[in-house]
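*Asks:*
There are 2 protein chains.
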Amino acid sequence: MGRLLKKCNQKGLRITNQRELVISIIENSTDHPDVDELYKRASIKDKSVSIATVYRTVKLLEDAKVIDRHEFGDGKARYEETREHHEHLIDVETGEVIEFINEDLEKLKKEIAKKMGYTLVDHKLELFGKKISK
Amino acid sequence: MGRLLKKCNQKGLRITNQRELVISIIENSTDHPDVDELYKRASIKDKSVSIATVYRTVKLLEDAKVIDRHEFGDGKARYEETREHHEHLIDVETGEVIEFINEDLEKLKKEIAKKMGYTLVDHKLELFGKKISK
DNA sequence: CTAAATGCAAAACCTTTGCCTCAAA
DNA sequence: TTTGAGGCAAAGGTTTTGCATTTAG
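Protein chains in written order, with the numbering used here: chain A, 134 to 267; chain B, 134 to 267.
#1: According to DSSP, simplified to helix, strand and coil, what is A/Val230?
#2: Under DSSP, the alpha helix (DSSP H) around B/Ala197 begins and ends at which residues?
#3: When the Cα atoms are used, what is the spatial distance from B/Ile223 to B/Val168?
#4: Return the chain-ordered list of same chain residues with a C-beta closer than 7 Å to the C-beta of A/Leu137, the five sequence neighbours on each side being excluded.
#5: Going by C-alpha to C-alpha distance, which of A/His165, A/Glu236, A/Asn235, A/Lys178 sits closest to A/Val191?
#6: Could you compute how far the alpha carbon of B/Ser183 sits from the alpha carbon of B/Ile177?
#7: Cutting at 7 Å between CB atoms, please list the residues of its own chain near B/Val225, excluding the five before and the five after it.
#8: Give a yes or no on whether the minimum CB-CB distance between B/Ile231 and chain A is below 8 Å.
#9: Can you find a CB in chain A that lies within less than 8 Å of the CB of B/Ile265?
#10: If you measure between the beta carbons of B/Glu220 and B/Leu258, is that distance less than 8 Å?
#11: Which bits of chain B does A/Ala246 rub up against, with CB to CB less than 7 Å?
#12: How is B/Asp164 classed by DSSP in three states: helix, strand or coil?
#13: Does A/Glu213 come out as helix, strand or coil in the three-state DSSP assignment?
#14: Which of the three DSSP states is assigned to B/Asp237 in this structure?
#15: Looking only at its chain, what residues have a beta carbon closer than 6 Å to the beta carbon of B/Lys140, apart from the 5 residues adjacent to it on each side?
#16: Would you call B/Arg152 buried or exposed, if buried means 16 or more other Cβ atoms sit within 10 Å of its Cβ?
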């Protein structure tokens, strides 16, 4: 049984065939698929899955905090399994999404929030960049 | 003549009554209105303005880089006049948007991008926080 | 068994666009 | 005067939802 499915069980989510399928797809994706992409990948294994179920499932998983939703500026939500916090750099020319972590950044953000009288419950940082040509 | 209108003139944009109205509303807003809100505020002064024009105007102004578009996670684009770069802290309990600037953050972001082989063309940082209760 | 999940299609949102009319430069 | 802008309504894209049916627990 996969990591993500295990987490869902721990949270007490009812697992249906459709949900298990979507969960396994997210778990085995290394990119940041949107709902339509998840739907396409799911349809390969089970043509009867509806896109409404995919939408309902990602909302369920997001509420359960086992997946994260991102908006990279193209008007569609994109998803990935929740894991150690990391940031995204989006190549504006290719659309490629590159992940990175930076401890200084993590510290700085918490400090800033604290200084403003807030505790950080979430944050998003996206860098949009152009590859430096050699 | 307002700052923002002046900038638009400098960019050579054709100024119509409708555009001037939308420009003045954005310039005099201290919040981050979405298109519907801009449309409502514009309609008070001129009921004939259409929402299509508001959409076309914000796109024009965004392309001219005199206003910035933000997405704060509620599915609607929000706009504000372009000015010194700053970040947003969103109070998750009230929805209030608090602006701040932090030079360390600015430097760090550029460094990170550079280290990854990119020049930063844009970036977004949003902190989501809860007010620390006294 | 029974409450909850699914599929389907319609609807809800936000945003864009075609077309004809109108106005800025 | 002439090209670009505006108004209106229709269409586009993503996401949500009502309802009848199916299924997990």
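By construction, the Cβ of each residue, glycine as well, lies at the ideal position given by its N, Cα and C atoms.
*Replies:* Reading from the atomic positions:
#1: One-based indexing of the first sequence puts residue 230 of chain A at position 97. In the structure shown, A/Val230 sits in a strand (DSSP, three-state: E or B).
#2: Within the second sequence, numbered from 1, the residue matching residue 197 of chain B stands at position 64. Where B/Ala197 is concerned, there is no enclosing alpha helix (DSSP H), given that its DSSP letter is neither H nor E.
#3: Position 90 of the second sequence holds residue 223 of chain B. Position 35 of the second sequence holds residue 168 of chain B. If I take the Cα positions, the gap works out to 19 Å.
#4: By 1-based counting over the first sequence, the position of residue 137 of chain A is 4. So the list reads Ile156, Ile159, Glu160, Val199, Glu214, once near-sequence residues are dropped.
#5: Looking up residue 191 of chain A in the first sequence gives position 58. The shortest CA-to-CA distance from A/Val191 to any of A/His165, A/Glu236, A/Asn235, A/Lys178 is the one to A/His165.
#6: Residue numbering aside, residue 183 of chain B sits at position 50 when the second sequence is read from its first letter. Residue numbering aside, residue 177 of chain B sits at position 44 when the second sequence is read from its first letter. Distance between the alpha carbons of B/Ser183 and B/Ile177 is about 12 Å.
#7: On the second sequence, residue 225 of chain B is found 92 positions in, with the first residue counted as 1. Here the set comprises Phe261, Gly262, Lys263.
#8: To locate residue 231 of chain B, count along the second sequence from 1; it is residue 98. With 8 Å as the cut-off, B/Ile231 counts as an interface residue toward chain A.
#9: Counting from one through the second sequence, the residue named residue 265 of chain B turns up at place 132. Cβ-Cβ to chain A under 8 Å: yes for B/Ile265.
#10: Along the second sequence, read from residue 1 onward, the residue named residue 220 of chain B stands at position 87. Along the second sequence, read from residue 1 onward, the residue named residue 258 of chain B stands at position 125. A Cβ-Cβ contact shorter than 8 Å links B/Glu220 with B/Leu258.
#11: One-based indexing of the first sequence puts residue 246 of chain A at position 113. In chain order: Leu222, Leu260, Gly262.
#12: Position 31 of the second sequence, counted from the first residue, corresponds to residue 164 of chain B. Correct three-state label for B/Asp164: coil.
#13: For the purposes of this step, residue 213 of chain A is taken as residue 80 along the first sequence, with counting starting at 1. Collapsing the DSSP output to three states places A/Glu213 in a strand.
#14: The residue labelled residue 237 of chain B in the question sits at position 104 within the second sequence. B/Asp237: helix per DSSP, three-state reduction.
#15: As a position in the second sequence, residue 140 of chain B is number 7, starting the count at 1. Within the same chain, B/Lys140 has close Cβ partners Val199.
#16: Looking up residue 152 of chain B in the second sequence gives position 19. When all chains shown are included, B/Arg152 counts as buried.
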